[in-house]
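Trainee:
Residue numbers (this note's numbering), protein chains in the order written: chain A, 1 to 447; chain B, 448 to 654; chain C, 655 to 958.
#1: Along the chain, where does the beta strand (DSSP E) that runs through residue 65 of chain A open and close?
#2: Determine, using beta carbons only, whether residue 618 of chain B comes closer than 8 Å to chain C.
#3: Taking 8 Å as the CB-CB limit, is residue 785 of chain C close to chain B?
#4: By DSSP's criteria, residue 262 of chain A is part of a beta bridge. Which residues make up the other side?
#5: Measure the C-alpha to C-alpha separation of residue 905 of chain C and residue 707 of chain C and round it to an integer number of angstroms.
#6: Tell me the rounded alpha-carbon separation between residue 195 of chain A and residue 679 of chain C.
#7: Could one say the Cβ of residue 43 of chain A lies closer than 8 Å to chain C's Cβ atoms, at least one of them?
#8: Under three-state DSSP, which class holds residue 289 of chain A?
#9: With a threshold of 8 Å between beta-carbons, can residue 793 of chain C be considered close to chain A, or not?
#10: Determine, using beta carbons only, whether residue 451 of chain B comes closer than 8 Å to chain C.
#11: CA-CA distance, residue 297 of chain A and residue 23 of chain A?
#12: Which same chain residues end up closer than 7 Å to residue 417 of chain A when comparing Cβ atoms and leaving out the 5 residues on each side of it in sequence?
#13: Using a cut-off of 7 Å between C-beta atoms, extract the partners of residue 497 of chain B located in chain C.
#14: When you compare only the Cα positions, how much space is there between residue 733 of chain C and residue 939 of chain C?
#15: Would residue 937 of chain C pass as an interface residue toward chain A - the criterion being a Cβ-Cβ separation below 8 Å?
#16: Quick one: residues in its chain with C-beta nearer than 6 Å to the C-beta of residue 346 of chain A, no 5 flanking neighbours on either side, listed in chain order?
#17: Could you give the DSSP three-state label for residue 301 of chain A: helix, strand or coil?
#18: In the structure shown, what three-state DSSP assignment does residue 105 of chain A receive?
#19: DSSP state of residue 276 of chain A, grouped into three classes?
#20: Does the distance from the C-beta atom of residue 60 of chain A to that of residue 81 of chain A stay below 8 Å?
#21: Tell me residue 267 of chain A's beta-bridge partners as DSSP assigns them.
#22: Determine whether the beta carbon atoms of residue 780 of chain C and residue 737 of chain C lie at a separation below 8 Å.
#23: Is it buried or exposed for residue 255 of chain A, if we count other Cβ within 10 angstroms and need 16 for buried?
#24: Does DSSP put residue 417 of chain A in a helix, in a strand, or in coil?
#25: Spell out a yes or no on whether the region 286–294 of chain A and the region 166–175 of chain A are touching, meaning 3 or more CB-CB pairs, one atom from each, closer than 8 Å.
#26: Going residue by residue through the region 693–720 of chain C, where are the continuous alpha helix (DSSP H) segments of at least 4 residues, counting only ones entirely within it?
#27: Could you say which of A:393, A:148 and A:143 lies nearest to residue 130 of chain A if we only look at CA atoms?
#28: Counting beta carbon pairs with one atom in the region 100–117 of chain A and one in the region 58–76 of chain A, are three or more of them shorter than 8 Å?
#29: At the 8 Å Cβ level, is residue 401 of chain A part of the contact set with chain C, yes or no?
#30: Show which residues of chain C have a CB atom less than 7 Å away from the CB atom of residue 627 of chain B.
#31: What are the partner residues of residue 611 of chain B, as DSSP defines its beta bridges?
#32: Can you give the Cα-Cα distance for residue 504 of chain B and residue 396 of chain A, rounded to whole angstroms?
#33: Quick one: using the 10 Å Cβ neighbour count with 16 as the cut-off for buried, is residue 77 of chain A buried or exposed?
#34: Between which two residues does the beta strand (DSSP E) carrying residue 946 of chain C extend?
#35: Who are the Cβ neighbours of residue 136 of chain A in its own chain at under 7 Å, not counting the five residues just before and after it?
#36: Measure from the alpha carbon of residue 929 of chain C to the alpha carbon of each residue in C:820, C:775 and C:857, then state which is nearest.
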């Protein structure tokens, strides 16, 4: 099942230990339902939703509690039934004051009335995208882009291929892997729904070849489904990066500053496809997701948790920390290459949080930067073809003009250069800061 | 008049230190690298250049006043060539050994960048200022040439002004007698001077 | 719980600067052992002196200039070791020591330290020693047990040694360069540990042998004589002074090999590896500018 389909550049983090996936890839998904959930209003890219419930309100499962704001807005739904106990800012992974609604679970799991569209092959195609939007579906691979916006085909644009991203190239994570094994049919249903929504003839499910069982399962599920094929890819980070995936699958490159639709492609995570299927077939909003909990926990697992579950609950469900609490050095939301470090372990899980990884103090200590030895490893590793070594000097010097000329805005912040650098230079961090600075400057210029 | 004097004195000092032609402006590097391998010949070259420079500056300033602007450069070059030629003949006549040591570089004083460096300003300054500049540059050049020549002679040959000063077991570092060694020695010397003046500046700023 | 908030990535490649340098040191050990086997313990003394001098030189320089002392990255040790292996066995101790200090202070430290030197420090030091005290670097001790004090190297008198002698190293020459077997062991180690790519050494030796053949030399003898193999494996591959891009490395290596062949055939010195690599070093930044990778989503050569 091995494949040599890949892109140029990239790295092999934790290659000796199966990309850090060994402890959880055999762990079937378990359900965990929290007593209290803190549901963030800003779980998607775009403006946070506005809470539309008040403290003391009783909410049912799937009831909208946040109303969408703006073009990239998405509704937010109650992930448990029960009583609203707080509405106000809380600490999220990246934001110290993120608006959230806290609900105390009454464990009745009473659904609001739902509007199922029924079978994905026969339901009215024009109602699929509105259903996706109403269900609050956003990209579940990490970037959390509102899914219905991806389907907004502009005048003159068209889409001929939908790619399902099952590469799961990030280290440690196995949630997509388990999903593909355990819910393969739903994933294909979601893909078919997406294809029908835009009249697309070709759907490709791309999976790294370190998951032969998932490839097998998806092939079986795709059998007899119109236009759906499974494509094994070489195991290499960042194989699941949108730009890399499009290039590998279609041979097309997304021109700089353009979107995948400009090359007639839409990329969806397999988790997103499952959420689409739930939204279309059952009319169910996105209220739960699978999260991999691994690293220094007693029982590394894949948990299906309600959106808004605190990380500390996940860790307790996995038997707690396997090292003394004082030795816990970092709790990261996501994989090792792109995950965000948590300021404390009570932050809530959002729609796009695919994993929680616990590191020890020794593993978490920030390595000291030393002089660049010009080995060129970063240049070889960059999946985009940038010159990180040179770019780092420009970014650290704050030279926005020349950093722009060296195409810093094309950086996908995959972390490959920082990972590979023998001098431990924090290249990606510098590029991210420069990208934010240039973007902020551009916004300022506009308005 | 007193003010005039201090400003002229300051001008000499500037030309000698912070605007030292060879050390700071990297002018006149050709003779530095090629000739300054022995203390004696360096001194000779330095003195000859300095004399020619002072005379050229004096006459350049005089003629600069009466020459139209477009004609100044050729006129000045002629003056330089005349005095450089004179210096060369003086060397040949009275110091044949030094002249021999300098070889082709003695007549080439005429096209030394030291002169051309000053050519652009001809006629702008008064005679006094031009002379002050030339004296400062000349003395600075002599000092540097001699110092570099002495160091290169010492390490490259084990002698200073021809006299053996190092123990017999010393094995001279031949590279310093070659142009490559000249670059190295000049670079190091410039570095040391920058470091020292940088430190002085810091002290001045903090005081 | 004291949580760190350092940003992603949270794992790093195990290959740190220090590990890479250590790999080079390990790869050089066969050459040291072979050198001792061929020339006796005088060889070991020379190598040790230059290594210690380089490390101490870097230590003192960084302390004096109030920089963070980074001798533990082992780069100075590698420089000293390579320089020592480039010298004849039994070279005066002061020669080896001076070379080591020159390499790390003048060539490396003054230009900004590790990563900022524009030519290979060990090679520049060797070139300096060769220019300054040529008699020590042009007279090669004969292998121990051979009944002669100094002898002509294979380059000075081609055809006087068999291919086996050239390969195993019972020939006069610099400590590290004589035993090609030891160099090849080091090369394989470096490639297997992914410390260097095979590209530069293979391209440089092949180019030198081919060009030498065109100019009338025996290609096998060209490859096995003098410091070509040692230079190609350990010095031309110096990260700091070789190009960073793959096409740049090809041009660099082929060019260096070409220069070796030309210097050996036409210059007054029998050997030309040192100057060939130094010249190639200088071209590296230009080659990196010529051969840039195309950026994803951009046309070739397009600017933002």
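Glycine residues also receive a C-beta, built at the ideal position from the N, C-alpha and C atoms.
Mentor: On the basis of the data shown:
#1: 64–67
#2: yes
#3: yes
#4: Looking at the DSSP assignment, residue 262 of chain A forms no beta bridge with any residue, so it has no partner.
#5: 34 Å
#6: 58 Å
#7: no
#8: strand
#9: no
#10: At residue 451 of chain B the pLDDT is 49, less than 50, meaning the model places this residue with poor confidence; the figure from the coordinates comes in the next sentence. False, the Cβ-Cβ gap to chain C never drops below 8 Å.
#11: 10 Å
#12: 378, 381, 382, 388, 427 and 428
#13: Residues of chain C passing the Cβ test: none, with the nearest at roughly 31 Å.
#14: 21 Å
#15: no
#16: 310 and 312
#17: strand
#18: strand
#19: helix
#20: yes
#21: A:163
#22: yes
#23: exposed
#24: helix
#25: yes
#26: 695–718
#27: A:148
#28: yes
#29: no
#30: 785
#31: B:606
#32: 49 Å
#33: buried
#34: Segment: none, residue 946 of chain C is in no beta strand (DSSP E) and carries neither H nor E.
#35: 74, 75, 76, 77, 285 and 286
#36: C:775
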